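Student: Anchor point for the sequence shown: position 424 equals 446 in my numbering, and the numbering is continuous, going up by one each time. Sharing a structure below in structure tokens format, with a few things to ask.
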Amino acid sequence: MGILLATLISMILYVLGAVIAAVTSSVQTGRVLKFAFGLFIFGFIVLAVINYFMMPAITIPNMLLINLITAMVLIPVLTAILKPKNFMEKKLLIPLFSIFWLGLLLFIAVIITGFTVLDNAHNTITVKEEAEAKPLSKDETPITVAPEFARNKIQKAMSVVPNAQFYDLGKLQVQQVGDEIVYVAPVEFADFWKFIRGKETAGYFTISATDVNAQPTFEEEPMEYTNSSYFHKYVQRVIYNKFPQYIQSGEAQIEVDDAGKPWYVQTIYKPMHITNKPNLDKLQVVVIDPVTGEMNAYQTDEAPDFIEGSVSSEMATLTNDYYGKYVHGWLNSVFGKRDVKLPNQSGTESGVTPMFDENGNMFYFTDMTSPKENIDSALGYTLVNARTGELTYYGGEKNNGIMDSEGAKQIVNKEFPEKKWEGYMPVLYNIDGNPTWVVNVLDPNGLHKQYAYIKANDSDFAVFGDTANAALDAYRMALLQDPGNTGATDDTVTETVQGTVSRVVVNSTEQGQIIQFLLEDDTTIYTVNASKSPLAIFLEQGDNIEAEAQLMDNGTATIEVMEIEGLTE
């Protein structure tokens with residue numbers, strides 16, 4: 023239905039030109055209409071085939087452009103058929119060229135309007151700004167496996183798929199299934215002939231997004247309507263036929279419900295006014311059954327509960343782009359650039375990185391940088407809610423001067439030049455009150471090698487480890503050994519502890535002396551830097567202490583302030 027409607031609309035300018043030719047031409051009216059109708063049928067068939075594959079959304083800019091091209095091709099052909107020796111009668115020139123110029127002027131007006139409406143598109147973003155930036159808490163960002171590494175693991179498991187030679191691995195999509203954060207990846211047809219022979223794909227893979235040692239699991243769920251199917255089974259075409267007036271954002275992605283059934287999910291939007299620009303406050307999502315092709319459209323925040331990403335990563339990237347660039351309008355984004363911020367493109371999905379908070383809500387993360395060249399410091403970062411599209415910007419003094427995500431990746435890349443290991447998926451964490459970039463380190467084959475913890479305001483402060491926990495522990499120890507580290511911020515909760523020392527050890531490092539001790543009936547390992555508490559080097563078994571300690575989730579604690587009975591009183 024959508025293809026036929028788009029084709030009919032695309033012929034309007036030609037029909038108008040044919041009517042003018044019939045009225046003004048010296049050729050008999052019946053003869054003109056006869057050839058015009060025959061050419062209309064020919065053009066309609068050709069254009070229908072083109073539209074079948076191109077699937078242009080029925081919007082004013084698209085239809086104007088196609089009408090102009092169609093009329094510019096068919097009308098000269100019509101006049102040539104009517105009078106082969108007199109290609110264009112003089113009395114036809116003015117009315118026909120008037121049509122062309124009118125259509126062209128309308129198209130130019132639409133293009134210009136597309137720039138002016140960017141201010142309105144920016145205003146449709148639901149924005150919440152925090153005056154003080156809050157580095158992300160590690161508990162709220164559990165995704166630690168880079169998608170490149172997950173894809174590499176799944177590729178090696180493709181042999182478990184029935185008739186594996188028919189398929190390639192599709193797009194990875196992160197989502198929460200039950201209580202676990204996983205990557206979901208459908209198997210897709212390898213090419214046209216595999217589609218003809220196979221008719222349906224075999225299922226999908228899941229693999230943990232939080233455990234680097236996890237192995238992929240294959241689920242047999244045959245699907246007919248997919249991203250790699252052809253003709254009337256192609257997901258984008260199925261959606262287009264039912265919603266031809268909507269623009270589709272990116273590629274449809276797979277999400278799995280609580281019963282393990284896969285669904286394809288596609289973000290769509292109606293453009294604003296006479297442009298193709300989106301109204302970011304009125305996004306919709308189509309959920310399509312890959313077995314039957316049945317579909318329903320919802321407002322993104324009203325989609326079924328199992329869908330985390332009803333707003334596509336492509337749309338989140340566009341939201342960031344509009345928010346940062348057009349804060350004071352389109353002209354300012356080109357000339358003055360006052361308050362302009364540009365999103366970095368270091369994310370894992372279309373320039374953004376998905377993550378989940380403690381409530382299971384998914385967000386897209388990206389950091390914002392200055393439009394000035396050769397500046398690698400971040401101005402703040404954004405989180406775009408993957409169901410509502412709401413953007414929260416964290417900016418302020420707390421993030422002033424910290425490196426951006428590209429700078430963090432470059433630090434990793436320069437650490438292993440001989441091995442050609444590179445950094446992937448940089449995400450800003452809050453480690454003991456310190457803004458910290460955590461970066462996956464992968465080899466050229468996409469295999470996971472290490473994690474890098476990089477202090478965001480000190481490019482020389484980087485710690486590497488084979489596992490996330492090992493790297494985290496080493497990084498925390500390095501923070502304690504750094505006399506320049508200010509320790510926990512006001513946002514970090516500390517507790518008062520007191521007791522009798524049962525074990526104590528003093529370690530000497532290049533940065534100074536580190537004292538670690540245990541208290542009676544307490545297995546927590548307490549650590550204090552001598553630069554913070556100089557008398558701590560005299561700590562002995564049996565001493566009674568009272569301290570302000572920052573308790574970690576790994577059975578350790580750092581001491582901010584400590585009093586030793588008999589020494590500090």
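Heads up, the beta-carbon is just placed ideally off N, CA and C, and yes, glycines get one too. Only a predicted model underlies this, so the values are computations on that prediction, with no experimental measurement involved.
Using the Cα positions of I165 and E277, report the straight-line distance between them to the nearest angstrom.
Tutor: Distance between the alpha carbons of I165 and E277 is about 17 Å.
Student: So, is D454 buried or exposed, given that buried needs 16 or more other C-beta atoms within 10 angstroms?
Tutor: D454 comes out buried.
Student: Let me confirm a value: L124 is counted as buried when at least 16 other C-beta atoms fall within 10 Å, else exposed. Which label applies?
Tutor: Exposed, by the Cβ-count rule.
Student: Using alpha carbons as the reference points, say which of L469, A474, G382 and N383 lies closest to S427.
Tutor: The shortest Cα separation from S427 among L469, A474, G382 and N383 belongs to A474.
Student: Here's the rule: buried if 16 or more other CB atoms are within 10 angstroms of the residue's CB, otherwise exposed. What is R498?
Tutor: Answer is buried; the Cβ neighbour count reaches 16.
Student: Whole angstroms is fine: what's the gap from E582's alpha carbon to D482's?
Tutor: Each residue's alpha carbon lies about 24 Å from the other.
Student: When you compare the region 360-373 with the region 335-342, are there three or more beta-carbon pairs, one atom per stretch, that lie closer than 8 Å?
Tutor: Segments in contact, yes.
Student: Take the Cβ of F486 as the centre, count every other Cβ of all protein chains shown within 10 Å, and call the residue buried at 16 or more, exposed below.
Tutor: F486 is buried by the Cβ-count criterion.
Student: Could you check if N491 is buried or exposed, using at least 16 other CB atoms within 10 Å of its CB as the buried criterion?
Tutor: Exposed, since its Cβ has fewer than 16 Cβ neighbours within 10 Å.
Student: Would you call the region 299-319 and the region 95-102 touching, i.e. three or more CB-CB distances under 8 Å?
Tutor: No, because fewer than three Cβ pairs between the region 299-319 and the region 95-102 fall closer than 8 Å, the two stretches do not touch.
Student: Would you mind giving the Cβ-Cβ distance between L61 and S32, rounded to the nearest angstrom? I have them listed as a contact below 8 Å.
Tutor: Actually they do not touch by this definition, with Cβ atoms about 14 Å apart.
Student: How is M85 classed by DSSP in three states: helix, strand or coil?
Tutor: Three-state DSSP puts M85 in a helix.
Student: Using a Cβ-based criterion (distance less than 7 Å to any ligand heavy atom), does E241 qualify as near the ligand HEM?
Tutor: Absence of the ligand HEM from the depicted structure is noted, as is the absence of any ligand whatsoever, leaving it without description.
Student: Looking at the structure shown, is Y584 part of a helix, part of a strand, or coil, going by DSSP?
Tutor: The sequence given here has Met at residue 584, not Tyr. Strand at M584.
Student: Are T518 and T549 touching if we call contact CB-CB under 8 Å?
Tutor: Contact flag unset, no.
Student: Would you report the Cα separation of T29 and N73, rounded to the nearest angstrom?
Tutor: About 7 Å.
Student: Between M23 and N318, which are expected to be in contact by the criterion C-beta below 8 Å, what is the C-beta distance as a whole number of angstroms?
Tutor: In fact, because the Cβ distance is near 17 Å, the residues do not count as touching under 8 Å.
Student: Exposed or buried, which one is N205 when buried takes at least 16 other CB atoms within 10 Å?
Tutor: The question names Asn, but residue 205 in the sequence shown is Tyr. Result: buried.
Student: At the level of alpha carbons, what is the spacing between G65 and Q198?
Tutor: Going from the Cα of G65 to the Cα of Q198 covers about 49 Å.
Student: Taking the DSSP output, what are the residues bridged to E210?
Tutor: BP columns for E210 point to D190.
Student: Between the beta-carbon of V523 and the beta-carbon of I567, is there less than 8 Å?
Tutor: Contact flag set, yes.
Student: At what residues does the alpha helix (DSSP H) containing L27 begin and finish?
Tutor: Segment G24 to S32, the alpha helix (DSSP H) holding L27.
Student: Ends of the alpha helix (DSSP H) at F75?
Tutor: From DSSP, the alpha helix (DSSP H) with F75 extends over T51 to M76.
Student: Return the residue from the list P448, N301, L573 and Q520 that minimises the CA-CA distance to I269.
Tutor: Nearest C-alpha to I269: N301.
Student: Does DSSP put H295 in a helix, a strand or coil?
Tutor: Residue state, collapsed to three classes: coil.
Student: For a quick check, are the C-beta atoms of A430 and G445 less than 8 Å apart?
Tutor: Against a cut-off of 8 Å, the Cβ pair of G445 and A430 comes out as a contact.
Student: To test your reading of the DSSP string, which unbroken alpha helix (DSSP H) runs of 4 or more residues are found completely within the region 403-468?
Tutor: The region 403-468 contains these whole alpha helix (DSSP H) runs: 427-437.
Student: Taking three-plus beta-carbon pairs below 8 Å as touching, is the region 435-443 in contact with the region 372-386?
Tutor: Flag = no, the region 435-443 and the region 372-386 do not touch.
Student: Can you give the Cα-Cα distance for V528 and L401, rounded to whole angstroms?
Tutor: V528 and L401: Cα-Cα distance of roughly 40 Å.
Student: Closest to F137 by CA distance: which of P78, F560, E562 and K299 is it?
Tutor: Out of P78, F560, E562 and K299, K299 has the C-alpha closest to the C-alpha of F137.
Student: Excluding the 5 residues flanking D323 on each side, which residues of the same chain have their C-beta closer than 6 Å to its C-beta?
Tutor: Around D323: R409 and T410.
Student: Cα separation between N249 and I103?
Tutor: Distance between the alpha carbons of N249 and I103 is about 43 Å.
Student: When we look at the beta-carbon of Y470 and count the other beta-carbons within 10 Å, is it buried (16 or more) or exposed?
Tutor: Reading off the sequence shown, one finds His at residue 470, where the question assumed Tyr. With 16 or more other Cβ atoms within 10 Å, it is buried.
Student: Does DSSP classify G272 as helix, strand or coil?
Tutor: Residue state, collapsed to three classes: strand.
Student: DSSP state of T92, grouped into three classes?
Tutor: Helix.
Student: If distances are taken between C-alpha atoms only, which option among V54, A558, M76 and M574 comes closest to K105?
Tutor: It is V54 whose Cα lies nearest to the Cα of K105.
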